[in-house]
Amino acid sequence: MPVQVIDGTPGNLLPSYLQKVDLKYLQIGCDQASKYFQGTVILSYPLTKLVNGTEFFKIVLQESENSCSKTSTINVLFFGRLAGDCGKVVHQGIYAKPSIVTASETASMPVAPKYTYTPLNHLKGGTIVNLYGAVKFFKPPYISKGTDYCSVVTIVDQSNVKLTCTLFNGNLDALPKIYKIGDIVRFHRIKIREYNKQMQGITGIGFASLTFDGTVGAPIVPRTSSKSYSFTEEEQKTIEELRMWAASNLSVCGPTAKLSGVQPMLFFDLTCQLVGKAEVDGSSFLLKVWDGTKCPYPSWKVLVEESDLEGDKVLIRRLRNLIVDILVYDNHVKLAKSLKVGSFLRIYSLHTKQASAENQPNVSYVEFHLHGGTCYGRGIRVLPENNPDVKELKAFMDSVNLTEFQSVESMSSMELDGIFGNLSYQSYSQRCQQLSVTVLTDHQHLDDTALNTILNSSVPQQYRIRAKLRTFKPEKLCQSVKLYCSKCNSLQEVPNDDDFDLILRDCAAAAPNPEVHNSLWYDSAVWDTENQGQRKIAVHFVKHDELLQEPEDTLIMVQGGTLKEIRKLSRRFKCIIPVRSTEEDLELLDLSAPFLLQGKIWHYGCKQCSNQKTIQNLSSLAEEEPSWEPTEIAQVLGIEPLQYVFVMKFTLDDGTGALDAYLFDYEKFFQIPASEVLTSSLLQEKMEMIMNILCPPGTKLDDLPWLECFIKSYNVKDGMEQQVCYQIYDTMVAEDVI
DNA sequence: GATTAGGGTTTG
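Sequential numbering from 3 applies to the first sequence in my numbering.
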């Protein structure tokens, strides 16, 4: 029997003439007849046959107590009967005393070898071993100061012993693809040595690794760059056991967070998509990323030249309220530069820092820094598209955009499916490029806020929004014009012509008092009417420098005229003030009538806030070169003028929600003065045309155009009830619409 | 062909 299996220390059972040698003795030419070699079987291959039928068996032995040999393992090849006998009894872990020893390399084997894995509490310096472990800590591969990428990985197994491995490779792909704490790794041919009185693992020739998701029950799919690797059912069991053990013995809840969950002064791992990048300076680099959620704090925007920014500008603009700017520094710059826009990243130990502007100490914002160095595993790792976290992120990002797009654009299901694929970027861009029919006159730097966010936010606040105009009120546009008193904030209807006519007729019933005709500052003229009984019309022409001016510069005061006559006069004279006469003086009519008519604009005063003064005060205006400004006239007459405003209710919808926002506009929004629209059919037609563009009748929401608006929320007390209202401002219809 | 780093937060 050429093979004998012995237990315990073999030394005493061997013939005494045999002398134990170590590997360095095994040289070609040395007499090995009286020598033996002892080692642990770290690898055995299944018994097989060579092409000529000879039985063949291979094992790898490792010296048990290696002290100074450079090589600690040796391939042992058995042929013929010995191979058959050994193959039946030799298995991994036993000591072996081979009869034939060769130091030559073997040809590659066509069968899978069986590996031995050393528990972490059985490691010895100077050995090369195979290991399994759960990742307790890791630094994602980074560019070392030498020639290679470096990754530092601390693993632990059921023995509860840790091993920190320093892994180098010029090829990033050859390093373990660890994405998070708790991942399971299998290292083959890792060198063990002592460093600082602790065991250390380090890459050597032939190092290879597999990495597995550490989640209990998750599919066991190895992550590796190796084209061929062994993987047995037994190893699946090993992984599941390690997963179970790690689940209860390893703190795997890493500091991951969504952007929506960031807090200032925090280090965390962010899983995100890169949408833009730009060089800032030699030691810092900008990454623009998003994860589909919104950072709850205002975040900084790092200023870079537009031309330096790489990425889809339209997409960046579209996602601007979800994108955060991350500055990466020093050693991370080189890696950051190499990142591809669109790729999914995990950024480890990202730092959020609260800061405030120098000139606005009350306004704070959050900065995102990836500082230099690799402490705490600080770094960036590209995640593959098939990574479960990436899949989840993509699904979430799709849903974010689906909500927005479903209601606002008609998209095919194909477009929806691949919204973040390359194909869809184009259609995405086209949608983003769709111009708004309104533009902001300020606040362009602000990000859009979704309507549902606004509806759920505290009041008062201001927002930039992008929405569609579903409906508006009043439908009859003339009804949107009101009179507003800025002093008492009251709104009132514009009196109609008939009301004015009635007041005029009332006044005309009383004859003008000749006592008050002609004075130092006006000349008076009286006309009789034909076939209208006693009615007389008195016109008082206000003089300047005791002289009458040209009619187009002249203010006249009219008494006893009808609406028709006054209209006629207003076409000729600059200003008309309807008056009546008392015993002592001329005086203004009731404030239900306009106190001043200038061409087509009729000026009204607030009944509540006006404190009428004598008409004699006008003489002071007449002395100087009179410009007859309505505000000046109102002021000297003690009248609080009412302003014409458009008041409309817009029902806005952005797909996330809908709200009613009031438009309160003198002229800015439509670029039409509210004061002139009632007396100009041309302006009325123009306004109608604009509203037809903003909200074409009979159009589906999907096909409606976009409106960029700035709105503010505010509370209104209606009796006991408090109501939240929204108002549009700093917004106007785009020039190409007008 | 050796070196790189050798876990434990920047200070922008």
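Just so it is clear, CB atoms sit at the ideal spot from N, CA and C, and this is done for glycine as well. Bear in mind the structure is a predicted one, so any value in this text is a computation, not a measurement.
C-alpha gap between residue i and residue j, whole angstroms
i, j, result
"K702", "E281", "44 Å"
"L696", "L709", "8 Å"
"G535", "A512", "12 Å"
"Q673", "V647", "12 Å"
"V735", "Y465", "18 Å"
"E107", "C88", "Note that E107 scores a pLDDT of 31, beneath 50, so its modelled location is shaky; the value from the coordinates is reported in the next line. Rounded to whole angstroms, E107 to C88 spans 20 Å at the Cα level."
"D293", "T273", "7 Å"
"C727", "V264", "31 Å"
"D391", "A259", "12 Å"
"C490", "K545", "35 Å"
"T676", "E307", "Note that residue 676 corresponds to Ala in the displayed sequence, not to Thr. Those two C-alpha atoms are separated by around 42 Å."
"Q29", "F80", "19 Å"
"C152", "T75", "26 Å"
"G657", "L321", "16 Å"
"P553", "D450", "53 Å"
"S488", "Q645", "8 Å"
"V163", "M201", "10 Å"
Under 7 Å between C-beta atoms of residue i and residue j
i, j, result
"P178", "S211", "yes"
"P643", "G601", "no"
"T168", "I204", "yes"
"G206", "K193", "yes"
"E65", "G41", "yes"
"F139", "T156", "yes"
"I539", "L598", "no"
Neighbour-count burial assignment, residue i, 16 or more Cβ in a 10 Å radius
i, result
"S715", "buried"
"L493", "exposed"
"F58", "buried"
"T397", "The residue you asked about is not Thr; residue 397 is Ala in the sequence shown. It is exposed - the Cβ of A397 has fewer than 16 other Cβ atoms within 10 Å."
"L289", "buried"
"A357", "exposed"
"C377", "exposed"
"L485", "buried"
"S612", "buried"
"R319", "exposed"
"Y27", "exposed"
Proximity winner among the options, relative to residue i (alpha-carbon distances)
i, options, result
"N619", "I603, I641 and R574", "I641"
"D310", "K279, H373 and T531", "K279"
"D444", "L79, F139, G127 and I730", "I730"
"L385", "G563, D175 and C577", "D175"
"S227", "F214, G219, L268 and T234", "F214"
"V439", "D500, T733 and V78", "T733"
"K303", "C611, Y27 and V291", "V291"
"K199", "V137, K670 and L125", "L125"
"H353", "D656, N323, I740 and L372", "L372"
"F712", "L324, S488, R468 and S683", "R468"
"L565", "C509, L590 and E308", "C509"
"V43", "R195, L16, L49 and K116", "K116"
"T584", "E532, H519, G172 and P632", "H519"
"V739", "S161, D503, E394 and P707", "P707"
"L261", "D283, I325 and A220", "I325"
"L665", "R582, D587, T653 and I617", "T653"
"P670", "E625, L442 and S460", "Note on residue identity: the sequence assigns Lys, not Pro, to residue 670. Among E625, L442 and S460, the Cα nearest to that of K670 belongs to L442."
Neighbourhood of residue i by C-beta distance below 8 Å, restricted to the same chain and skipping five residues each side
i, result
"L20", "S36, K37 and Y38"
"E690", "L479"
"K615", "V638, L639 and G640"
"P592", "The sequence given here places Asp at residue 592; Pro does not occur at that position. Excluding residues within five positions, the ones whose Cβ falls inside 8 Å are I505."
"S253", "I183"
Own chain partners of residue i with C-beta closer than 6 Å, once the 5 adjacent residues on each side are dropped
i, result
"R188", "Y134 and L212"
"K239", "none"
"S431", "Residue confidence for S431 is low, a pLDDT of 30 falling below 50, so the modelled location carries little weight and cannot support an answer."
"P476", "S482"
"I180", "V137, F140 and T213"
"P300", "Y367"
"L541", "According to the sequence provided, residue 541 is Val. The question's Leu does not apply to it. Excluding residues within five positions, the ones whose Cβ falls inside 6 Å are A527, I558 and V560."
"H190", "N132 and A210"
"S286", "L329 and Y331"
Spatial neighbours of residue i in its chain, beta-carbon cut-off 7 Å, leaving aside the 5 residues before and after
i, result
"F543", "Y524, D525, L550, T556 and I558"
"E678", "K602, I603 and L685"
"L276", "L289, V291, L341, V343, G344, S345 and L347"
"V92", "V43, S46, I61 and A98"
"Y741", "Residue 741 is absent from the model: the chain starts at 3 and stops at 740."
heavy atom of the ligand NAP below 6 Å from residue i C-beta
i, result
"P390", "Ligands displayed in this structure: none; no statement on the ligand NAP is therefore possible."
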